[in-house]
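For reference, the structure discussed in these notes is given below.
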Amino acid sequence: MKLFLSQLSHRERQLLNVGAVLILLTLFWLLVFRPVSNYLNRQAHLKIQLQQQLSAMQQSAGQLAGRQVISQQVLPADKTFSAWLDGQLQQLNLQNAVKRSEPIDDKTVTIWLESVSFDTWVDWLQDIHQKYGVTVDQADIIISDRPAGLVNIRMRITAL
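Structural data, given as structure tokens:
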């Protein structure tokens with residue numbers, strides 16, 4: 002190698018040195034700088050996306066917390082849970098749909114409803130859950146008239 006370099010003129014050696022430096026810089030740029038730069042750019046974009054998602058989640062959490070501030074009402078003390086449920090069903094004109102009502106204990110009742118509108122039933126459950134904390138432990142739902150949205154339901158309702 003020394004023999005080869007010694008046979009080159011001064012200008013050829015300078016050209017060879019400059020070419021070697023350019024090749025090394027190009028390799029450094031291709032193999033180190035560009036991959037690191039691309040990685041950092043992707044991470045910066047990912048950070049921005051995650052910050053936006055966090056902001057959206059925090060806003061949603063704030064809105065949900067605002068909704069949950071609503072205090073739950075207490076069930077009337079002068080009525081049994083079963084009688085209170087009957088009154089709730091009468092208010093929605095669902096009393097005729099009740100085929101059977103079976104109290105399990107003072108806080109739990111099993112009710113059978115026939116040909117009741119699914120939407121009405123779900124809205125009622127959501128309403129009594131939000132207002133009174135009443136929950137459905139079990140529900141068996143059978144479609145009785147799909148076009149009309151009517152269902153037969155057996156459910157166990159519990160007061161908290």
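Residue 22 in the numbering used here sits at position 21 of the sequence shown; the count goes up by one each step and never skips.
Each residue gets a CB set at the ideal place from its N, CA and C atoms; glycine is no exception.
Computed from a predicted structure; not experimentally measured.
Separation of residue j from residue i, as counted between CA atoms
i, j, result
"Met156", "Ile112", "6 Å"
"Ser38", "Ala45", "11 Å"
"Gly25", "Lys48", "The question names Gly, but residue 25 is Leu in the sequence shown. One C-alpha to the other measures close to 33 Å."
"Ser145", "Glu103", "22 Å"
"Asn97", "Ala84", "15 Å"
"His11", "Val33", "32 Å"
"Phe29", "Ser61", "47 Å"
"Tyr40", "Met2", "40 Å"
"Asp138", "Asp79", "24 Å"
"Arg43", "Arg35", "12 Å"
"Val123", "Ser56", "32 Å"
"Gly63", "Arg101", "42 Å"
Whether residue i touches residue j by CB criterion (8 Å)
i, j, result
"Gly110", "Leu86", "Reading the sequence as shown, one finds Val at residue 110 and not Gly. A contact, by the Cβ cut-off of 8 Å."
"Asn153", "Leu114", "yes"
"Ala160", "Leu76", "yes"
"Arg14", "Leu4", "no"
"Gln89", "Ile142", "no"
Close beta carbons around residue i, own chain, < 7 Å, minus the five adjacent residues each side
i, result
"Met58", "none"
Range of the contiguous alpha helix (DSSP H) that encloses residue i
i, result
"Arg12", "His11 to Phe29"
"Val123", "Phe119 to Tyr133"
"Ala238", "As displayed, the chain neither begins before 2 nor continues past 161, which places residue 238 out of reach and without an answer."
"Lys100", "Careful: Lys100 lies outside any alpha helix (DSSP H), inside the beta strand (DSSP E) at Val99 to Asp106."
"Leu6", "Lys3 to Gln8"
Beta-carbon contacts of residue i that lie in its chain and below 6 Å, excluding the five residues immediately before and after
i, result
"Leu51", "none"
"Phe119", "Gly150 and Val152"
"Gln54", "none"
Distance cut-off 7 Å: residue i Cβ against heavy atoms of the ligand MN
i, result
"Leu23", "This structure does not include the ligand MN; it has no bound ligands of any sort."
Distance between beta carbons of residue j and residue i, contact taken as under 8 Å
i, j, result
"Asp107", "Thr81", "7 Å"
"Leu9", "Leu17", "7 Å"
Endpoints, beta strand (DSSP E) assigned at residue i
i, result
"Asp141", "Thr136 to Asp146"
"Leu151", "Leu151 to Thr159"
Sequence-distant residues of its chain with Cβ nearer than 8 Å to residue i (five each side left out)
i, result
"Asn94", "none"
"Lys105", "Note that residue 105 is Ile in the sequence shown here, rather than Lys. Excluding positions up to five away in sequence, the list reads Thr111 and Arg157."
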